[in-house]
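Asker: Have a look at this one before I ask anything.
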Amino acid sequence: MLPLSRMKSLLAPVLSRPTTMFVCRSYGVLSTFKNLNSAQTMNPMSKVSSFRCSTAKNHNQIRVLNSEASGSGSSSGSGSGEVHVIVGPMFAGKTTTLLKRIKSERSNGSFQANGVKNSLYLDETIKGLCFSGRVAEAVGILCRSGVQVEAETYSLVLQECIFRQAYKKGKRVHWQMITVGFVPNEYLTVKLLILYAKAGDLDTSHIIFDKLQFKSLVSWNAMIAGYVQKGMEEVGLSLYHDMKQRDVLPDQYTFSSVFRACASLAVLEQGKQAHALLIKSQISGNIVVNSALMDMYFKCSSPSDGYLVFSKSLERNVITWTALISGYGQNGRIKDVLESFHRMIDEGYRPNHVTFLAVLSACSHGGLVNRGKEYFSSMMRDYGLQPRGKHYAAIVDLLGRAGRLQEAHEFVKNSRCEEHPVLWGALLGACKIHGDIQMVKLAARNFFDLEPENAGKYVVLSNAYASFGLWNSVAEIRRLMKDSGVKKEPGYSMIEVQRQAHFFFMEHNAHEQTAEIYKLVKDMAGILKDAGDVQDLLS
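Residues in the sequence shown are numbered from 1 upward in steps of one, following the UniProt record's numbering.
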């Protein structure tokens, strides 16, 4: 019989190669590198406790051998993990004999696992699982192994977790690093920062960011994008200015986040400054940057600049066209919306769900009932796009604004998204406009029952009842909010004065110049009263 070492080399021939192939995924591009033997010190697994093999029916298929390995100094099952080893077709029908041989030698003490080789097997197994898309299994094996793996293996697993948005699994990998005493290098630390930023855990990501000895552009971009995506645009812009003060030059990904922040805050001046820096940097804006820049100009009520960006874009696709169409719709330019939509189709671009939503919303605000219904039918008929909840809600709003409440109600009942709260919310808004109290009660009941934990719904219902003088119902809604502990974020207004944004919250006089503002308003009211213009103003 062959010696056990020979059997093991035959069992996993691909694991005995001197070099390892791994894949680095960066911005959607797959690149292959050779990973030379790492000098990273690893805690070896000193004992193999058991093996399990799941054999394929077809001998030409690859079979997987699972071995549970426990940490050194432990003979119990605790802390053990599975190690997957590939068995080639050459072992078809011989696996059982091999396993019996290993079990026999293990029982009499002649089988002693080599720790370094086991660690290499573990690295290869985890990488193989990542390559095949089995990230959950890779993370599970890594966390149960109780040993350190190569830095490249950690990097690959983290990258796959980020790419697949499996952020909880990525956090488990970080926990495993801490447990086994692995100290990540700067590259891995940035990976962890990106993981936590994309997961929305900005507190942890900021702690990691502050501890970085060298803050690269990638780390700055991750933090800025994280805050912008979390709705904390002011903090994101503050980080952007800090980055510039440290002489770190922004790139296209930086500008994309900055333009989105400026669009959300409607700070046109800061957006123009960032645009000027983009031009000075001679960075050729890609589709994502140009779309964000267009969106910023449109949301800051500068549609002419938004169209100028579009007209100068060297590359266009459905995203840039949709940004243009949505931008015109946000500024009430219904004619331009429809013209741009048909121009887009004439140039060979296929609209997507977002494009149709912008067109339907424009038809709703423009009172174009028949054209809106035709566009809605065209989604499925001409482009194979199944309408979603917001598309149905746009048609309800379209009919409701036109006063066709009964038709809107029938449309909601017959739609495939009847259980979607957005539809009933749109119907409720239409009923408020046209004063149909019975329909308000019906829409309000369905609207509330579908998503009672939504704080915004309480306010919508309260306002709807108040518009009809149903004060008992208003009091009941307020009481429900208080009893359930639901809190609504206060509404606010924002104005930019001399490149500084000023926020004014409802029922909250937190602005440092509140007293001066109220005094000015009082003085203005007195001046208008003396001139006899108060009645005209109030009317």
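Glycine is no exception: its CB is placed at the ideal position from the N, C-alpha and C atoms.
Return the CA-CA distance between V396 and C417, expressed in angstroms with no decimal places.
Answerer: 12 Å
Asker: Does the separation of the CB atoms of H365 and G403 fall below 9 Å?
Answerer: no
Asker: Could you give the DSSP three-state label for A166: helix, strand or coil?
Answerer: coil
Asker: Check the C-beta distance from W471 over to N446 and give it rounded, since I have them as a contact under 8 Å.
Answerer: No, W471 and N446 are not in contact; Cβ-Cβ is about 22 Å, not under 8 Å.
Asker: In whole angstroms, what separates the C-alpha of V64 from that of G146?
Answerer: Any reading at V64 needs caution, since the residue's pLDDT is 33, under 50, leaving its predicted position unreliable; the model's value is listed next. Going from the Cα of V64 to the Cα of G146 covers about 21 Å.
Asker: Is it the case that the CB of N446 approaches a heavy atom of the ligand GDP more closely than 8 Å?
Answerer: This structure does not include the ligand GDP; it has no bound ligands of any sort.
Asker: Secondary structure at M232, three-state DSSP: helix, strand or coil?
Answerer: For M232, the secondary structure class from DSSP, reduced to helix, strand or coil, is coil.
Asker: For S361 and G329, what's the separation of their Cα atoms in angstroms?
Answerer: 7 Å
Asker: Can you tell which of I287, I162, L314 has the C-alpha that lies nearest to the C-alpha of G133?
Answerer: I162
Asker: Give the C-beta separation of A274 and V258 to the nearest angstrom, bearing in mind that I take them to be a contact with Cβ-Cβ under 8 Å.
Answerer: 5 Å
Asker: So with Cβ pairs under 9 Å, would you call S462 a contact of chain D?
Answerer: Absence of chain D from the displayed structure is noted, only one protein chain being present.
Asker: If the criterion is Cβ atoms closer than 9 Å, does the pair R350 and Y375 meet it?
Answerer: no
Asker: Reducing DSSP to helix, strand and coil, say where H365 ends up.
Answerer: Looking at H365 - three-state DSSP - the assignment turns out to be helix.
Asker: Let me make sure I understand the geometry here. Which of V173, K441, I334 has the alpha-carbon closest to that of V474?
Answerer: K441
Asker: Using the Cα positions of S313 and A261, report the straight-line distance between them to the nearest angstrom.
Answerer: 21 Å
Asker: Taking the C-alpha atoms as reference points, what is the distance between V369 and D305?
Answerer: 30 Å
Asker: Which residues in the same chain have their Cβ closer than 6 Å to the Cβ of E234, if we skip the five residues on either side of it in sequence?
Answerer: none
Asker: Could you tell me the alpha carbon to alpha carbon distance between E407 and V422, rounded to whole angstroms?
Answerer: 17 Å
Asker: If you compare alpha carbons, which of Y392, S291, F214, K299 is closest to F310?
Answerer: F310 has its Cα closest to that of S291, out of Y392, S291, F214, K299.
Asker: Which residue's Cα is closest to the Cα of I178: K198, V149, E160?
Answerer: V149
Asker: I194 to Q213, Cα distance in whole Å?
Answerer: 16 Å
Asker: Less than 9 Å between the C-beta atoms of V218 and L237, yes or no?
Answerer: no
Asker: Using the C-alpha atoms, what's the distance from F356 back to C363?
Answerer: 10 Å
Asker: Could you have a look at P250 and say whether DSSP puts it in helix, strand or coil?
Answerer: coil
Asker: What's the call for K522, buried or exposed, on a 16-neighbour Cβ count within 10 Å?
Answerer: exposed
Asker: Run through DSSP, which three-state label would R316 get?
Answerer: In the structure shown, R316 sits in coil (DSSP, three-state: anything other than H, G, I, E or B).
Asker: If I measure Cβ to Cβ from K289 and keep anything under 6 Å in the same chain, skipping five residues before and after, which residues do I get?
Answerer: Position check: residue 289 holds Val in this sequence, whereas Lys was assumed. Closer than 6 Å at the Cβ level, and outside the excluded window around V289, lie Q252, F255, S256.
Asker: Could you work out which residue in Y458, G469, V337 is closest to M481 when comparing CA atoms only?
Answerer: Y458
Asker: Quick check on the burial criterion: 16 or more other C-beta atoms within 10 angstroms. Buried or exposed for S493?
Answerer: exposed
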